[in-house]
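Residue numbers (the working numbering): 112 to 324. Where a beta carbon is used, it is the ideal one built from N, C-alpha and C, also for glycine. Values in this document were obtained by computation on a predicted structure and should not be read as measured data. Heads up: the structure comes next, in structure tokens.
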Amino acid sequence: MCAEPRSVPRPDEITGLPVREFVAVTASKTPIPGGGSVAGVVGAQAAGLGEMVLAFTRGKKQFAEHAAEHDALAVRLARARGMFLDLTADDAAAYTLYQEASRCQDQDKDAKMAVATAAAIDVPRQMTAVALSLLADLVALGQHCNRYLLTDLAAAAVLAEAVVKLSDYNVRVNAAGMADKQTADELREASKRDVARAAEMREAVEEIVSRYV
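Pasting the structure below:
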């Protein structure tokens with residue numbers, strides 16, 4: 112039998128909390144929302160900033176020839192924001208699954224822990240994929256956007272890179288608990304490469320911004 116976990120916010124409640132309450136719950140003595148869930152919210156904010164930059168760019172005469180590209184970006188940025196919010200809840204659910212498995216005392220504990228560990232790695236890897244895609248879109252947006260919003264674009268890029276770095280920590284700490292050490296090493300190496308890619312794209316955005324700021 113598995114022991115009952117201590118009371119924590121439900122995963123599906125986290126993204127519906129007002130800002131002050133979300134911060135207060137993060138600061139409280141509960142395991143969720145933790146670093147993974149915060150990373151998801153940060154990613155959603157990064158996408159939201161990108162959408163704001165785009166909103167102040169679309170419709171302006173000087174960018175008319177890029178309208179189709181901007182329309183496509185609008186769809187992708189909104190999708191990224193939604194995916195980050197979904198992954199925020201998924202991260203909390205993965206932690207709950209891990210907590211339940213760790214409290215189990217039955218013969219299936221090892222199998223349950225393996226499933227929970229896989230979930231705890233999968234969510235940050237998904238966050239990384241979304242963040243890298245977002246960074247690529249921010250670089251593209253920076254080529255043709257309202258220059259008065261460039262510092263907001265830079266903020267979006269910095270936050271998106273932070274998601275990748277936070278996710279890397281979560282991958283590494285959970286990979287340490289994997290029985291398959293070769294797969295664990297491969298996951299850590301892939302995550303390390305993604306951190307480097309994120310830094311390159313953030314730097315690309317900052318290079319664009321530096322032309323005007």
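- Distances from the alpha-carbon of V234 to those of V134, D202, V153, A178 put D202 closest.
- In chain order, P122, D123, I125, T126 place their CB closer than 7 Å to the CB of A200, counting only its own chain and leaving out the 5 sequence neighbours on each side.
- Excluding the 5 residues flanking it on each side, E162 has same chain C-beta neighbours closer than 6 Å at L188, in chain order.
- In this structure, L198 is the residue among L198, E132, V136 with its C-alpha nearest to the C-alpha of G154.
- Nearest to L277 by alpha-carbon distance, out of A295, D248, V130, T239, is T239.
- The Cβ atoms of V282 and I232 sit closer than 8 Å to each other.
- Put simply, of A229, N285, A286, A267 the residue whose alpha carbon is nearest the alpha carbon of R313 is A267.
- The stretch 132-141 makes no contact with the stretch 214-222: fewer than 3 CB pairs, one atom from each, lie closer than 8 Å.
- DSSP lists no beta-bridge partner residue for C256.
- Going by C-alpha positions, A287 is about 23 Å away from T141.
- Excluding sequence positions up to five before and after R299, its CB lies within less than 8 Å of the CB of V282, R283, A286, all in the same chain and listed in chain order.
- Linking A183 to F167 through their CA atoms gives a straight-line distance of about 16 Å.
- The beta-carbon separation of D263 and L160, rounded to 5 Å, stays under the 8 Å limit for a contact.
- Its Cα nearest to that of A222, the residue M289 stands out among R322, E311, M289.
- Burial state of Y206 is buried, judged by a 10 Å Cβ sphere holding 16 or more other Cβ atoms.
- In its chain, beyond the 5 residues on either side, R169 have a beta carbon closer than 8 Å to the beta carbon of A178.
- Pairing L270 with A150, the inter-Cα distance amounts to about 9 Å.
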